[in-house]
Structures are given as structure tokens and as C-alpha cells.
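Enquirer: What follows is a single structure, and I will ask about it in a moment.
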Amino acid sequence: MAEGKKYETPKLDELEKGAWPSFVKEIKAAAQKSPMAAALLGQLEQSYNEKIGHWKHGGIVGVVGYGGGVIGRYSDLGDKYPEVAHFHTIRINHPAGWFYTTEALRGLCDIWEEHGSGLTNMHGSTGDIIFLGTTTDQLEKVFSKLTALGFDLGGSGSDVRTPSCCNGMARCEWACYDTMKVCYNLTMAFQDEIHRPAFPYKFKMKMAGCPNDCVAAIARADLSIIGTWKDEIQQDDELIKKFADEGLDIQRQIVSRCPTRCMDWDGKKLTINNENCVKCMFCINSMPRALAPGKERGAMVLLGAKAPIVQGAQLSSVLIPFIDLEDEESWNDLKQLLENIWEVWCEEGKNRERVGEFALRVGFGNFLEAIGLEPTPEMVAYPRDNPYVFYQTAKKE
Amino acid sequence: MERRTDIGPPHYTKFLPPVIQKNYGKWKYHEGVRPGVMVHVAESGDKLYTIRAASPRLLSVQKIRQYCDLADKYCDGYLRFTSRNNVEFLTTKEENIEPLIAELEALGHPVGGVGRSISNIVHTQGWVHCHSAATDASGIVKSVMDDLIDYFTGKKEVPGKLRIALACCLNMCGAVHCSDIAILGIHRRPPKVMANLSQMCEIPNVVAACPTAAIRPAKVDGKDTVEIIEEQCMYCANCFSVCPALPMADAELDGVSIWVGGKVSNARSQPMFSKLAVPYLPNNPPRWPEVVQTVRKIVEIWVEHAEPDERMGEMIQRIGWPRFFRLAGIQFSKEHIDDYRYAALSLKRTAQLHQS
Ligand code: SF4
Ligand code: SF4
Ligand code: SF4
Ligand code: SF4
Chain A
-14 MAEGKKYETP KLDELEKGAW PSFVKEIKAA AQKSPMAAAL LGQLEQSYNE KIGHWKHGGI
46 VGVVGYGGGV IGRYSDLGDK YPEVAHFHTI RINHPAGWFY TTEALRGLCD IWEEHGSGLT
106 NMHGSTGDII FLGTTTDQLE KVFSKLTALG FDLGGSGSDV RTPSCCNGMA RCEWACYDTM
166 KVCYNLTMAF QDEIHRPAFP YKFKMKMAGC PNDCVAAIAR ADLSIIGTWK DEIQQDDELI
226 KKFADEGLDI QRQIVSRCPT RCMDWDGKKL TINNENCVKC MFCINSMPRA LAPGKERGAM
286 VLLGAKAPIV QGAQLSSVLI PFIDLEDEES WNDLKQLLEN IWEVWCEEGK NRERVGEFAL
346 RVGFGNFLEA IGLEPTPEMV AYPRDNPYVF YQTAKKE
Chain B
10 MERRTDIGPP HYTKFLPPVI QKNYGKWKYH EGVRPGVMVH VAESGDKLYT IRAASPRLLS
70 VQKIRQYCDL ADKYCDGYLR FTSRNNVEFL TTKEENIEPL IAELEALGHP VGGVGRSISN
130 IVHTQGWVHC HSAATDASGI VKSVMDDLID YFTGKKEVPG KLRIALACCL NMCGAVHCSD
190 IAILGIHRRP PKVMANLSQM CEIPNVVAAC PTAAIRPAKV DGKDTVEIIE EQCMYCANCF
250 SVCPALPMAD AELDGVSIWV GGKVSNARSQ PMFSKLAVPY LPNNPPRWPE VVQTVRKIVE
310 IWVEHAEPDE RMGEMIQRIG WPRFFRLAGI QFSKEHIDDY RYAALSLKRT AQLHQS
């Protein structure tokens, strides 16, 4: 491709300075080859001058047979910057854990250099590889080359969004279940739901291997799967003593800050009352190696997190306190649960109502009944403190 | 060639370095080696070194190829990216660490962000690529991280982890609502109703989109349209997401708010939402000095007052919000008091008070 038109960008040039890597340098690098990237610089400089964005909502664009994966984007200054008049985003389902070979990455780069702006996000907020900016006529070409390379599109719109996970067992001793396997298997099990939007709104899934939750599952995913354990914290008294000998004030820094105060330190030995431990990871993070999650490991399934739009932000709350996820049966239970949730939500959810908002609107108890789960005390912070109860008995009479 | 669909992503095992394949699920512990570098040790005794480098997230294919060159040279062709958009180089060879770091730094990608440090800012598209943005994302992130670079590289020590996130509108792509410091783009005027609204949007959908019932059907010059009850609008832009004929952006009134004390980890305290610290700062490109200074001030308060491994929200709970506002020099205002759905829960309903 020819070099694009050059724009003066004094404001953006300012952001080439400084120690942090510069996104402006990236756009300029791409602009060496891509007239689209060159025009993006021009439009962005105008935004910096005017303090306002210049992108418009998309009409529906995509590849044949898919309803998601491409987000239409148009400039409202298309006459001035014709190269970015159409500037669509392609979301590509990333490999679980975001591991790559250079061979695969180079393959992606070659496709995108030929058929788009040469600009990417590694990665988008949901986890996808993002190809930023191309025209409608390039979409099928990109798609066929992607699939030849073994990649596929991710989710967008009112569908299952691309599931993502922490690197779990690949590189973390704290992983309580195989996050990458669960992520991959869920992704493969629900390809249709990812590619063809048919829900009231988006549905995100994230898997974290332990309660440290490095992928923000509890804040960002409609379905959050977070690793935990049932038995005792594994402790190595020799190594604990070594921490103390090296100057860690175990009483003050660890024991007195345990959220359930379930630890004792007599100056020599640490005793944990595991029955009261809530598996928060704090002591384990603070004394790695000396303490470790227990051996009876699995995960907790939570539901409903979302950002503010529409009715306000929510964190996920407990649906299944403990699930093994290693055996076939619990895996099938999880898939069945998801299908039950989607069925109820698709039937009764309002347009743009996330499942967490829906569950609260109809009442969490009613929601549980509809998806076939028994209520348990693990699901609440505390039982209700208001007496306006919809007693079932009275209704039936 | 037959058109392939629904093949899903490549299986992750294809992309795992041999040392990971061999020790999958059998890691014993990890520890810091130097800022930005950690070693994972497996039960087998195998060691895996991770070198984490800063990335602007917005990457050209040229830069990705340069990453690949380094990974080929030092890491047998394997690399990964993190949930906070850093790039990580994985190697079993300790002797590769120093030359790799030197090359990364020469490329303009400082190494850091591991353990007790301030890592990359999770952020969104902004004016680079989103229709909804009330501010730019990349420009603020660049400016803030230029300023906080010593906390990333480990030149300056911090008491624990501090997570910063930025979203350029209330859609909040990214977990900004649960971050130690959240930078949030905001609109501050009601949507304008464009004359052609009824041709572009279904009026009942538009009316239903508003969480505060600030939109009602109306007739103007005999044409169906909507009107906005301006006092009832809290500028969420949900109506604009549903209907492009209701633009929100405003060059002078848009800007940034700053939120503090959220977290997603369950360690010690439960996950928490971020709370409003500064209701409004202006958009001041290219470097947003007001935002940079405010974030720095809040970081410095935390560095000075937090106990080891204490998160921002935990520290503020301990010292109290009045003291936080005093230390930060932020004027407490009407905007700080919630008036939405769960407002009552945020009021102080006890005589336990931090008196000064
Ligand atoms: S969430 Fe837990 S298991 Fe996963 S990477 Fe983070 S600390 Fe490790
Ligand atoms: S994991 Fe948390 S609750 Fe359990 S003993 Fe450790 S600090 Fe206490
Ligand atoms: S946060 Fe808002 S403006 Fe920013 S990328 Fe997401 S939707 Fe667009
Ligand atoms: S911006 Fe939000 S509150 Fe204001 S009219 Fe639109 S939907 Fe309603």
C-alpha cells in the first residue's frame, strides 16, 4: 500500500515523549504503510484540538453467517478523512491465557497489514485480539485467512462474549482448577451463542483460578468462575519460621489482619482454624511457599456482575458455592445451568437487561427457582432484614 | 477452499512453551527476581523466568513483529500478554534476562509491573476508536504512566499493589468500577434531540432506555419525537447507545471524574466498588495535567499511609473518608453523596466516627 497523506500533529507529537511506550509512535509506525493509519492521526489530532470524538455508531456489518465479531465504525468527518470513513473493528477470539507462538502472531500481523490499518489492541477489554480499522469489502478476506490460520471471530452485541481466563495452571501455583481448559471448553461448547446474537444483551464469562481474581471475574463477568478449596490451607512450619526469622511480623502483618481472625501465632507455630477461614488468599499471598491453598480444590460459580449501564453496577454473587469441574458430571451440570439461565433470561428479560439486573428485578429467589437451583445460605451476605415477604402459602390459596 | 466457520480459537496447548507443557498444574512457588521479573519453580525443579514489559495496548503490526523477534531470539519463540495488557517474555534461561531487558528498554518498553508496584492502566478506546467517548483513553494513560513510571519500574517502592483503570464513558469497558484508582470519562449535559430522530430510532425503545425516566414521547412541528426532562438526566448516555440521534458529547462540558478504593481481589477485604473522589476535571489534551496531578497526589497519599499490602480502599476504611479528603485536598461536595438506588446504604448510620 502507498504511504498515506501526512498530517501535522503537534498535539499528538507531544505524546511521543516520555518513558511510557507511546501509542502515537505505534500509529505513526502503521502509517508508514497504511493510509488509514495516516488518516487516523489526522482525525485524532482534530479531536485533540476540539476535545471531542469523531466516530459514529455502526450500521450492521459482518461476515456471512455471523451476527457478531465485527463492530461497524464510521467517521463523522468522512469527507475530510476518506481513508477512515469506514473503519470497522474485528474481534478475534484469543487463545486461552493469551499465550502465543511468534509464528501465530506473525501470521496475524501479515493478514492485518494486507487487509487493514495494521493497528491492533493486544488485547481488548473482554480479552479478544482487536484488529482496529478496515472497510467492509475486506472483512470476508480477513475472515478466510484467519480461519486458515486457525483463528475465529469473538463475540459482540447481544451474545456470549469471548470467554477469558487467567493463566491458571500454566503458570500459577495457586490455580485451584484448570482455568484455561474450562475457558476453552466453554468457548467451544457455545460457538453458536458467541457468533449469533440472540440474547437480551451481552453475556460475559471469566474464569479466575483463585480468589485473587486476576481477570476481575467478579466485577466484569455475568458468569464468574473463581477457584477455591474446601480443606485445610497447606502449611510448611519450617518455611513459616523462616519468614519470621527474616523479619516478617507474623502477628501484626498476617494474623491480626486475617479477615476472620482464624489464625494464631505463638511466636513459633502458626495455627489456623480452617473452619473459619474464608479462603481469601491474603495469608497465602503474604507467605508464598510457606502457605498454599488446600488439596481439595475446585471453583465457585457466581452470577451477575456488570458495569453501571443500565440500572447500576453490580458484582457477581454466589450461585454454586463449590463445583469440582474436573469430572464429566460437574462439567455437564455447568453447561446445563448456563442453558437454564439463558432460557429464562431470553424468555423474560427486557431488551438491554443484563442477567444480573434481570435476576434482581424478578427477585433472586424466583430466579433460582426458574433455573432449578435450591436456595442456600452461601448465596446471601445475610438473610433479608425486611418483613415484606411474598409468602408462597398465601399465594396458593 | 471450503469456508470454515465456528472453529473457535486455536487450542492453547499449541502455544505453551515446552517447560509449561511439562509442568502444567505442577508449579510449586514463584518469587520476584528483580523488578519486572519473576521466576516460577516447578515441583520438578524446572524454572521459568517471566520478563514483563510495558505496552501501550494499541500496537502496530510492526511492533508486534519486533516483540516476535525478541521472543525468537531469547524465548524459543514464545510470549504472552497479561490481563492488564502488558507483554510477557518467557524463558528458561536465566542468562537471557539481562540482554532481553536491555533490548526491550532500547525499544522503549520499560520492564516492571510485577508484585508490589503500579502496573499498566487497563483502558478503553477513547477518541481513537469509539463513538461514545467523553475523553481520550490512550492520551491520559500515556500521560499518567509517564508520570508514575518509577512506580512501575520499581525505582520507587510502593506498599503493595495499586490498580489504575480508565474508561472513557459510563459503559466502562474494563473493570474501572472496582479499581484502586479509576479515571472515568463523563458527559455533563443532557442529550440533544436531533430533528430526524423518528427516522433513525424506535421511540418506545428510546423512552424505555432511560433509567431515570427522563425521556418522554413528544411532538414537534407535528412530528413524533422525544423530549428530555433535563433535571432528571444524570448523563449516563444509555439513550445515546440505543439511539444515535441523541448525541451527548460536548467539547467544553465533557471531562473526567476520579474514583478510588475499589478492588476485585478477595484477599483480606471483599471486592469493593470504587468511590467518587473528584467529580470533575476538564479535558485538557494532549497531557491532561489536572488528571495527572490528581492521580499522583492520591498515589502519594497511599504510598505514605498504607500498611504493607494494604489496598487503597482498605487504607481509606482504616483512616476514614474525612481524613482522605483532607489529605488529598479535595473539597467534599453534594456530588459525593449518592442519590441513586442504594443511596441510603452509603450514609453514615453509626456514631462510630473518625473525629479529628
Ligand atoms: S487468579 Fe489466582 S490462579 Fe489465576 S493467575 Fe491470579 S493468582 Fe494465579
Ligand atoms: S486465607 Fe484469609 S481467611 Fe483464611 S486464614 Fe488466610 S487470611 Fe485468614
Ligand atoms: S468506555 Fe465507553 S467510550 Fe470508552 S470504549 Fe467503552 S463504550 Fe467506548
Ligand atoms: S443520558 Fe441517561 S439519564 Fe439522560 S436522558 Fe439519556 S438515558 Fe436518561
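Keeping their order, the protein sequence lines are chains A and B.
The first sequence: position 373 = 358 (our numbering), numbered continuously.
The second sequence: position 281 = 290 (our numbering), numbered continuously.
C-beta: ideal position from N, C-alpha, C; glycine also.
Starting from N106(A), follow the beta strand (DSSP E) in both directions and report where the run begins and ends.
Expert: The residue you call residue 106(A) lines up with position 121 of the first sequence. It spans 104 to 107 - the beta strand (DSSP E) in which N106(A) sits, taken as one unbroken run.
Enquirer: For the alpha helix (DSSP H) that contains T147(A), what are its first and last residues?
Expert: As a working note, residue 147(A) is residue 162 in the first sequence. T147(A) -> no alpha helix (DSSP H), and no H or E assigned at all.
Enquirer: Pull up the DSSP beta-bridge partners for G264(B), would you.
Expert: Along the second sequence, one-based indexing puts residue 264(B) at 255. Bridge partners of G264(B): I195(B), P291(B).
Enquirer: May I ask you to check if the CB of T245(A) is nearer than 8 Å to at least one heavy atom of ligand 2?
Expert: In the first sequence, counting from the first residue as 1, residue 245(A) sits at position 260. Checking every heavy atom of ligand 2 against the Cβ of T245(A), one is found closer than 8 Å.
Enquirer: Which of the three DSSP states is assigned to Q364(B) in this structure?
Expert: If you number the second sequence from 1, residue 364(B) lands on position 355. In this structure, Q364(B) counts as coil in the three-state DSSP scheme.
Enquirer: List the residues of chain B that F267(A) touches, going by C-beta distances under 7 Å, in chain order.
Expert: As a first step, residue 267(A) must be located in the first sequence, where it is residue number 282. Per Cβ cutoff of 7 Å: A276, R277.
Enquirer: Under the three-state reduction of DSSP, which class applies to T111(A): helix, strand or coil?
Expert: Working through the first sequence from its first residue, we reach residue 111(A) at position 126. If DSSP states are grouped into helix, strand and coil, T111(A) belongs with coil.
Enquirer: Can the beta-carbon of G279(A) be found less than 9 Å from the beta-carbon of Q219(A)?
Expert: Numbered from 1 along the first sequence, position 294 holds the residue referred to as residue 279(A). Numbered from 1 along the first sequence, position 234 holds the residue referred to as residue 219(A). Against a cut-off of 9 Å, the Cβ pair of Q219(A) and G279(A) comes out as a contact.
Enquirer: For K335(A) and D144(A), what's the separation of their Cα atoms in angstroms?
Expert: Here residue 335(A) refers to the residue found at position 350 when the first sequence is read from its first residue. Here residue 144(A) refers to the residue found at position 159 when the first sequence is read from its first residue. Going by the C-alpha atoms only, they are around 14 Å apart.
Enquirer: Could you give the DSSP three-state label for L310(A): helix, strand or coil?
Expert: Along the first sequence, read from residue 1 onward, the residue named residue 310(A) stands at position 325. Three-state DSSP puts L310(A) in coil, outside helix and strand.
Enquirer: Hey, M272(A) and W159(A): beta-carbon distance below 9 Å or not?
Expert: Locating residue 272(A) in the first sequence gives position 287, where the first residue counts as 1. Locating residue 159(A) in the first sequence gives position 174, where the first residue counts as 1. Not in contact: M272(A) and W159(A) (Cβ atoms no closer than 9 Å).
Enquirer: Are Y395(A) and H42(A) touching if we call contact CB-CB under 9 Å?
Expert: With chain A represented from -14 up to 382, any question about residue 395(A) goes unanswered, as that position is not in the structure.
Enquirer: Check whether the Cβ of H140(B) sits closer than 8 Å to any heavy atom of ligand 3, and report yes or no.
Expert: As a first step, residue 140(B) must be located in the second sequence, where it is residue number 131. Yes, the beta carbon of H140(B) sits closer than 8 Å to at least one heavy atom of ligand 3.
Enquirer: Tell me which residue opens and which closes the beta strand (DSSP E) that I210(A) is part of.
Expert: Locating residue 210(A) in the first sequence gives position 225, counting from the first residue. Where I210(A) is concerned, the enclosing beta strand (DSSP E) stretches over 208 to 214.
Enquirer: Which residues does DSSP pair with A174(B) in a beta bridge?
Expert: As a first step, residue 174(B) is located in the second sequence; it is residue number 165 there, counting from the start. Answer is V131(B), A191(B), bridged to A174(B).
Enquirer: At the level of alpha carbons, what is the spacing between F128(A) and T87(A)?
Expert: Translated into the one-based positions of the first sequence, residue 128(A) becomes position 143. Translated into the one-based positions of the first sequence, residue 87(A) becomes position 102. Taking the straight line joining both Cα atoms gives about 20 Å.
Enquirer: Please classify Y351(B): does DSSP put it in a helix, a strand, or coil?
Expert: Residue numbering aside, residue 351(B) sits at position 342 when the second sequence is read from its first letter. Y351(B) falls in the coil class under three-state DSSP.
Enquirer: For W250(A), decide whether its Cβ has a neighbour in chain B, counting only Cβ atoms nearer than 9 Å.
Expert: Sequence index remark: in the first sequence, residue 250(A) carries index 265 (1-based). Output row for W250(A): interface = no.
Enquirer: Is there a C-beta anywhere in chain A that falls below 9 Å from the one on H20(B)?
Expert: Here the question's residue 20(B) lines up with position 11 in the second sequence. It does; some Cβ of chain A falls within 9 Å.
Enquirer: Put H71(A) into one of helix, strand or coil per three-state DSSP.
Expert: By 1-based counting over the first sequence, the position of residue 71(A) is 86. If DSSP states are grouped into helix, strand and coil, H71(A) belongs with the strands.
Enquirer: Does the beta-carbon distance from H132(B) to I149(B) come in below 9 Å?
Expert: As a position in the second sequence, residue 132(B) is number 123, starting the count at 1. As a position in the second sequence, residue 149(B) is number 140, starting the count at 1. Yes.
Enquirer: Just to confirm before moving on: does the CB-CB distance between A62(B) and V96(B) stay below 9 Å?
Expert: Here residue 62(B) refers to the residue found at position 53 of the second sequence. Here residue 96(B) refers to the residue found at position 87 of the second sequence. Yes, the Cβ-Cβ distance between A62(B) and V96(B) is below 9 Å.
Enquirer: Given K166(A), which residues of its chain have a CB within under 6 Å of its CB, disregarding the five upstream and five downstream residues?
Expert: Position 181 of the first sequence holds residue 166(A). Closer than 6 Å at the Cβ level, and outside the excluded window around K166(A), lies no residue.
Enquirer: Would you tell me roughly how many angstroms separate the C-alpha atoms of A201(A) and L208(A), rounded to the nearest one?
Expert: By 1-based counting over the first sequence, the position of residue 201(A) is 216. By 1-based counting over the first sequence, the position of residue 208(A) is 223. Using only the alpha carbons, I get a separation of about 11 Å.
Enquirer: Could you check what DSSP says for K126(A) in three-state terms: helix, strand or coil?
Expert: The residue labelled residue 126(A) in the question sits at position 141 within the first sequence. Three-state DSSP puts K126(A) in a helix.
Enquirer: Using DSSP with H/G/I as helix, E/B as strand and the rest coil, what is S69(B)?
Expert: In the second sequence, the residue the question calls residue 69(B) occupies position 60. Three-state DSSP puts S69(B) in a strand.
Enquirer: Tell me the DSSP secondary structure of M(-14)(A) in three-state form.
Expert: Residue -14(A) sits at position 1 when you count from the first residue of the first sequence. Only weak support is given to the placement of M(-14)(A): the predicted model assigns it a pLDDT of 45, under 50, and the value that follows is read from those uncertain coordinates. Correct three-state label for M(-14)(A): coil.
Enquirer: Please tell me whether L67(B) has its Cβ less than 9 Å away from any Cβ of chain A.
Expert: For the purposes of this step, residue 67(B) is taken as residue 58 along the second sequence, with counting starting at 1. At least one chain A Cβ lies under 9 Å of L67(B).
Enquirer: T86(A) bridges to which residues according to DSSP?
Expert: For the purposes of this step, residue 86(A) is identified with residue 101 of the first sequence, where counting begins at 1. Bridge partners of T86(A): Y87(B).
Enquirer: Find the nearest neighbour of K165(B) within the set I127(B), A360(B), P108(B), L206(B), judged by alpha-carbon distance.
Expert: For the purposes of this step, residue 165(B) is taken as the residue at position 156 of the second sequence. Selected option, being the one with the closest Cα: I127(B).
Enquirer: Could you spell out the range, first to last residue, of the beta strand (DSSP E) harbouring E236(B)?
Expert: In the second sequence, the residue the question calls residue 236(B) occupies position 227. Run containing E236(B): 232 to 237, per the beta strand (DSSP E) assignment.
Enquirer: Looking at the C-beta of P253(B), does it have a partner C-beta in chain A at a distance below 9 Å?
Expert: Translated into positions along the second sequence, residue 253(B) becomes position 244. For P253(B), the answer is yes, since a Cβ of chain A falls inside 9 Å of its Cβ.
Enquirer: I need the boundaries of the beta strand (DSSP E) containing A22(A), first residue and last residue.
Expert: Working through the first sequence from its first residue, we reach residue 22(A) at position 37. It is not in any beta strand (DSSP E) - A22(A) instead sits in the alpha helix (DSSP H) that spans 20 to 35.
Enquirer: Name the one or two DSSP bridge partners that Q273(A) has.
Expert: The residue labelled residue 273(A) in the question sits at position 288 within the first sequence. One detail in the question is off: residue 273(A) reads as Pro in this sequence, not Gln. P273(A) pairs with L276(A).
Enquirer: Suppose the cutoff is 7 Å on Cβ atoms and the five residues either side in sequence are ignored; what does the same chain contact list for T100(B) look like?
Expert: Taking the first residue of the second sequence as 1, we reach residue 100(B) at position 91. Excluding sequence neighbours, T100(B) sits near Y58, Y83, C84.
Enquirer: Alpha carbon to alpha carbon, how far is P291(B) from A337(B)?
Expert: In the second sequence, the residue the question calls residue 291(B) occupies position 282. In the second sequence, the residue the question calls residue 337(B) occupies position 328. Cα-Cα distance, rounded: 18 Å.
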